[in-house]
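Participant:
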Ligand code: SF4
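Numbering (the numbering used here), first residue to last: 1494 to 1906.
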């Protein structure tokens, strides 16, 4: 967080005396604009209040500059204490993060959580609590064994026809349940030679038709580096599709600039996999970013991790799925939370995920129902799970139960 002038500090102090309601619901005022109605300089009232209160000398242009947002991200307990009251559990956790997933929250995302209760779902996403320091015997630092599927730095080649390419370890916000908490946030950058080796690996493996660029968050890289990565992958003839995995529209929507979209659209077919956790994340700014990407021609999918106390019930999940469709994002995967160290307080049972799918399928549009998967510990890959709709299945017939519990038969002959 930058140090504004003394005047700014005084204004902040004064504004905190005025205070804010901890009962205020972030996202409650969200309007989903139709694509022709989106203001060019969209800044919600909530963001404006926050900016005026804590960054009083910062202009709207600076606030809307993604690099300003990254430079001013909250990364320490002292920074956070200037804008919000922290619980004892949060303070203890932040003070003991050494060597673990760091703390980082953009001012934009801070504006969504600074006046929330300790239990607020979006707050729990980014502010650690003391339970994060507890490790269970079933947890592993690299539960998907990505390191053992990595032939060269940055590449994970687990499935037959596609590779994961982790191009950076940096994110604009660190999610406390991150599967790659063993590597993200660490100072382990890929150099030019590492990139060249990764491109050579993909070029040498003709079976690779799909490259997923992920991280960390690839969209924290500059336009120039993204252009360099994408152009080199696109040169490889057998690569049919490229995907980018990112949480940027949720945590730093200012990053989705016209220039970025113009760079990305040179490399179609390019799919973008987003990551949403809660309906309140779908703010006006986030909606604008997603619609801009959709207008760029990128098919948008969303992955959601099932998280205890955040989205582990049907009404919240249904609201999230509906809001995503309204901003042209297709729900893709619902993940069982991976067994990373300190994730016990986030994990639900697998049964809970099945209950949620059961509560969606048939009760809302099929487009609003993601595939529930467990990423098998030990590197077994994603395994889809469905509620049990099959009552009986033999050579003669299959007997199934529909979403209302009614039995239906289909002949096999
Ligand atoms: S944005 Fe993705 S990679 Fe970064 S911390 Fe969150 S889950 Fe992990």
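All residues carry an ideal CB built from backbone N, CA and C; glycine is no exception.
Computed from a predicted model, the values in this text were never measured in an experiment.
Tell me which same chain residues have a C-beta within less than 6 Å of the C-beta of residue 1714, skipping the five on either side of it?
Facilitator: Once the five neighbours on either side are set aside, the close Cβ partners of residue 1714 are 1661.
Participant: Output the residue ranges of the alpha helix (DSSP H) runs that lie fully inside the segment 1679-1738 and measure 4 residues or longer, sorted by chain position.
Facilitator: If we require 4 residues or more, the alpha helix (DSSP H) runs fully inside the segment 1679-1738 come out as 1685-1697, 1716-1727.
Participant: Using a Cβ-Cβ cut-off of 6 Å (strictly less than) and excluding sequence neighbours within five positions of residue 1870, which residues of its own chain qualify?
Facilitator: 1636, 1832, listed in sequence order.
Participant: Output the residue ranges of the alpha helix (DSSP H) runs that lie fully inside the segment 1826-1873 and measure 4 residues or longer, sorted by chain position.
Facilitator: Complete alpha helix (DSSP H) runs here, min 4: 1843-1853.
Participant: Check whether the segment 1858-1872 touches the segment 1626-1644, counting contact only when three or more Cβ pairs, one atom from each stretch, lie closer than 8 Å.
Facilitator: With the cut-off at 8 Å, the segment 1858-1872 and the segment 1626-1644 touch.
Participant: Report the three-state DSSP secondary structure of residue 1903 (helix, strand or coil).
Facilitator: Looking at residue 1903 - three-state DSSP - the assignment turns out to be strand.
Participant: Under DSSP, the beta strand (DSSP E) around residue 1797 begins and ends at which residues?
Facilitator: First-last of the beta strand (DSSP E) with residue 1797: 1793-1798.
Participant: With which residues is residue 1583 paired in a DSSP beta bridge?
Facilitator: DSSP output for residue 1583 lists no bridge partner at all.
Participant: Does at least one heavy atom of the ligand SF4 sit under 6 Å from the Cβ of residue 1669?
Facilitator: The answer is no for residue 1669.
Participant: CB-CB under 7 Å to residue 1888, same chain, minus the five flanking residues each way: which ones, in chain order?
Facilitator: Cβ within range, chain order: 1905.
Participant: So is residue 1781 buried or exposed if we call it buried at 16+ other beta carbons inside 10 Å?
Facilitator: Flag for residue 1781 reads buried.
Participant: Can you tell me the Cα-Cα spacing of residue 1684 and residue 1722, whole angstroms?
Facilitator: Roughly 12 Å separates the two Cα atoms.
Participant: With H, G and I counted as helix, E and B as strand and the rest as coil, what does DSSP make of residue 1498?
Facilitator: Unreliable placement is indicated for residue 1498, whose pLDDT of 40 sits below 50; the coordinate value is still reported in the next sentence. Here residue 1498 sits in coil by DSSP.
Participant: Using the Cα positions of residue 1521 and residue 1571, report the straight-line distance between them to the nearest angstrom.
Facilitator: Note that residue 1521 scores a pLDDT of 34, beneath 50, so its modelled location is shaky and nothing firm can be said.
Participant: Quick one: residues in its chain with C-beta nearer than 7 Å to the C-beta of residue 1883, no 5 flanking neighbours on either side, listed in chain order?
Facilitator: Within the same chain, residue 1883 has close Cβ partners 1891, 1893.
Participant: Between which two residues does the alpha helix (DSSP H) holding residue 1669 run?
Facilitator: First-last for residue 1669: undefined, no H or E at that position.
Participant: Let me make sure I understand the geometry here. Which of 1641, 1668, 1850, 1677 has the alpha-carbon closest to that of residue 1621?
Facilitator: Measuring from the Cα of residue 1621, the nearest candidate turns out to be 1668.
Participant: What residue from 1805, 1866, 1851 has the CA that sits closest to residue 1827's CA?
Facilitator: Out of 1805, 1866, 1851, 1866 has the C-alpha closest to the C-alpha of residue 1827.
Participant: Mind checking if residue 1663 is an interface residue toward chain D, Cβ cutoff 7 Å exclusive?
Facilitator: Protein chains in the displayed structure number just one, and chain D is not present.
Participant: Taking 7 Å as the threshold (C-beta atoms), are residue 1600 and residue 1545 in contact?
Facilitator: It is not a contact, given that the beta carbons lie outside the stated cut-off.
Participant: Whose C-alpha, out of 1666, 1688, 1629, is nearest the C-alpha of residue 1658?
Facilitator: Looking at the Cα atoms, 1688 is the closest of the given residues.
Participant: Quick one: does the C-beta of residue 1740 sit closer than 6 Å to a heavy atom of the ligand SF4?
Facilitator: Yes.
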